[in-house]
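Peer 1: Residue numbers (our numbering), protein chains in the order written: chain Z, 935 to 1158; chain P, 517 to 668. My questions will all concern the structure given below.
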Amino acid sequence: MKKAIVDCWNTIGVRGDLSCPKLAQYTRCRNCPTYVAAAVVARDVALPDDYVDEWTRHVAAPAVEIDHTRVSVMMFRLGTDVLGILTGAFKEITERRTVHAIPHRGAGGVLGVVNVRGELVVCVSLREIIGIAGGEPAARDGHAGEHARMIVVERGHARTAFPVDEVYGTHDVRAADLGTVPMTIANATAAFTNAVLTWRGKTVALLDEHLLFDALDRRLGSAA
Amino acid sequence: MLYLLLALDADRYALNAGAIVEVVPLVALKAIPQAPHGVAGILNYRGTPVPVLDLCALALGRPARSRLTTRIVLVDYTDRRGAAHVLGLIAERVEGTLRCEPDAFRAYGIDNAGTPYLGPVVEDAQGLIQRVEIAHLLPDAVQRMLFPELAA
């Protein structure tokens, strides 16, 4: 004979008028032994046939190993391209700042230097370095979009800044969702990309920070 | 240490949670004709055949009831030669856990040679709980039958 369940949680418990004296001890009904005992009674029923079949198949199936490793990616936009870089590789994001041109260093992707909290940081065109077509987001006359920011990356003790059109912030992505770079990508970006992922319906190229830093070192070699 | 609580009729028993691989519902087993006492059958566990012992049949002489609260507890079992196996245990009212120190269990003064797998007892607010010793669940003859490499 099955015991009747008294649903005290609906009358004097958290779903009722909160008058139960045990709430002082257990705070919520789900911590209370009375609630646990009711759950035991509620589950004391015969096994449905389809339940047994389904679980028999489930238990027999090989365990699926899910890779729960996650990586944190800082995503940003350059024109129409959404790019990502491992969060560990960048140092900070700042407002757009005035870029002071360096005489005779206009070529090679170097835009000039910017003042980041008192420190002069070389500012480069990421577009030019990784080879994306399109105009520089930092229009030199200062008419940058309202979402425009500057990303500062750090390798060793050398910092480099580059302007971007928009920063989407850091996002946790599952390592399993990182795809290989399609061989058909003609874009020169592919050389700097070590994975692609889909984020908010967009394909994001995850930049390889080591290749990027190597390229920066080559470009800035004589300036460093 | 954490223990998983189960029931044999009215009394409660505890299994060392550290030895538990997984707890699954009571699923369909492949029967073993002329199986030794207490052996319920073979479970296809993730593609590996695992022998399953019915604790109710073993201790009470009746099979476990087919209820939602009756479950198969898969445990690590070390045979008498030290080889590791997974063993399934069917138990009723697998519902809760108990956290207590291993030395809180006390011998209760009866040496029941027929149930070497039932160990010392501990008391909580609802009464006594007896520990199930996984290592002593299978007599040598049953071990040789379930794990044939032992017989060689």
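Note that CB positions come from ideal geometry on N, CA and C, so glycine has one too.
From P:Glu-665 to P:Ala-599, what does the alpha carbon distance come to, in whole angstroms?
Peer 2: Locating residue 665 of chain P in the second sequence gives position 149, where the first residue counts as 1. Locating residue 599 of chain P in the second sequence gives position 83, where the first residue counts as 1. Their backbone Cα atoms lie some 10 Å apart in a straight line.
Peer 1: Classify Z:Ala-1109 as buried or exposed, calling it buried when 16 or more other Cβ atoms lie within 10 Å of its own Cβ.
Peer 2: Reading the first sequence from its first residue, position 175 is the one you call residue 1109 of chain Z. Per the 10 Å Cβ criterion, exposed.
Peer 1: Just to confirm, are Z:Val-1056 and Z:Leu-1154 a CB contact at a threshold of 7 Å?
Peer 2: Here residue 1056 of chain Z corresponds to residue number 122 of the first sequence, with the count starting at 1. Here residue 1154 of chain Z corresponds to residue number 220 of the first sequence, with the count starting at 1. Cβ distance < 7 Å, so Z:Val-1056 and Z:Leu-1154 count as in contact.
Peer 1: So within the segment 971-1042 of chain Z, which uninterrupted beta strand (DSSP E) runs reach at least 3 residues, ignoring any that extend past its ends?
Peer 2: For the segment 971-1042 of chain Z, whole beta strand (DSSP E) runs of length 3 or above, ordered along the chain, are 1004-1012, 1015-1020, 1024-1029.
Peer 1: Mind checking if Z:Arg-964 is an interface residue toward chain P, Cβ cutoff 7 Å exclusive?
Peer 2: To locate residue 964 of chain Z, count along the first sequence from 1; it is residue 30. No, Z:Arg-964 lies away from the interface with chain P (no Cβ there is under 7 Å from its Cβ).
Peer 1: Spell out the partners DSSP gives Z:Gly-1065 in its beta bridges.
Peer 2: What you label residue 1065 of chain Z is simply residue 131 of the first sequence in a count that begins at 1. In the DSSP output, where bridge partners are listed per residue, Z:Gly-1065 has none listed.
Peer 1: When the Cα atoms are used, what is the spatial distance from Z:Met-935 to Z:Ile-1000?
Peer 2: Residue 935 of chain Z sits at position 1 when you count from the first residue of the first sequence. Residue 1000 of chain Z sits at position 66 when you count from the first residue of the first sequence. Below a pLDDT of 50, predicted positions are generally treated as unreliable, and Z:Met-935, at 49, falls in that range; no measurement from the model is reported.
Peer 1: Determine the extent of the beta strand (DSSP E) in which Z:Ala-1092 is found, giving its start and end residues.
Peer 2: Here the question's residue 1092 of chain Z lines up with position 158 in the first sequence. Its beta strand (DSSP E) spans residues 1092-1098.
Peer 1: Quick check: what's the CA-CA separation for Z:Arg-1134 versus P:Leu-531?
Peer 2: Within the first sequence, the letter at position 200 stands for residue 1134 of chain Z. Within the second sequence, the letter at position 15 stands for residue 531 of chain P. Answer to the nearest angstrom: the Cα atoms are 47 Å apart.
Peer 1: Let me check you understand the geometry: is the CB of P:Ala-607 closer than 6 Å to at least one non-hydrogen atom of the ligand ATP?
Peer 2: Because no ligand of any kind appears in the structure shown, any question about the ligand ATP cannot be addressed here.
Peer 1: Thinking just about the alpha-carbon of each residue, which of P:Leu-576, P:Arg-578, P:Phe-663 is nearest to the one in P:Arg-597?
Peer 2: Translated into positions along the second sequence, residue 597 of chain P becomes position 81. Nearest option by C-alpha distance: P:Phe-663.
Peer 1: Applying the 10 Å Cβ sphere with the 16-neighbour rule, what's the burial state of P:Thr-613?
Peer 2: For this step, residue 613 of chain P is matched to residue 97 along the second sequence. Looking at its Cβ environment, which holds fewer than 16 other Cβ atoms inside 10 Å, P:Thr-613 is exposed.
Peer 1: Output the distance between the C-alpha atoms of P:His-553 and P:Ala-580, rounded to the nearest integer angstrom.
Peer 2: One-based indexing of the second sequence puts residue 553 of chain P at position 37. One-based indexing of the second sequence puts residue 580 of chain P at position 64. Cα to Cα, P:His-553 sits roughly 14 Å from P:Ala-580.
Peer 1: Just tell me which of Z:Val-975, Z:Leu-952, Z:Tyr-960, Z:Ser-953 has its CA closest to the CA of Z:Ile-939.
Peer 2: Here the question's residue 939 of chain Z lines up with position 5 in the first sequence. Ranking the options by Cα distance to Z:Ile-939, first place goes to Z:Val-975.
Peer 1: Which runs of the beta strand (DSSP E) at least 3 residues long sit entirely within the segment 1104-1156 of chain Z? Give them in chain order.
Peer 2: Listed in chain order, they are 1127-1133, 1136-1141.
Peer 1: Give a yes or no on whether the minimum CB-CB distance between P:Glu-608 and chain Z is below 7 Å.
Peer 2: Residue numbering aside, residue 608 of chain P sits at position 92 when the second sequence is read from its first letter. No, because no Cβ of chain Z sits closer than 7 Å to the Cβ of P:Glu-608.
Peer 1: Which one of P:Ile-645, P:Gln-550, P:Thr-585 has the shortest CA to CA distance from Z:Ala-972?
Peer 2: In the first sequence, residue 972 of chain Z corresponds to position 38, counting from 1. Looking at the Cα atoms, P:Thr-585 is the closest of the given residues.
Peer 1: Please say whether P:Leu-605 and P:Val-589 have beta carbons closer to each other than 7 Å?
Peer 2: The residue you call residue 589 of chain P lines up with position 73 of the second sequence. The residue you call residue 605 of chain P lines up with position 89 of the second sequence. Yes.
Peer 1: Tell me which same chain residues have a C-beta within less than 7 Å of the C-beta of Z:Val-948, skipping the five on either side of it?
Peer 2: Indexing the first sequence from 1 puts residue 948 of chain Z at position 14. Closer than 7 Å at Cβ, skipping near neighbours: Arg-962, Cys-963.
Peer 1: With respect to the beta strand (DSSP E) encompassing P:Leu-662, which residues constitute its N-terminal and C-terminal limits?
Peer 2: Position 146 of the second sequence, counted from the first residue, corresponds to residue 662 of chain P. Element bounds for P:Leu-662: not the beta strand (DSSP E) but the alpha helix (DSSP H), 656-662.
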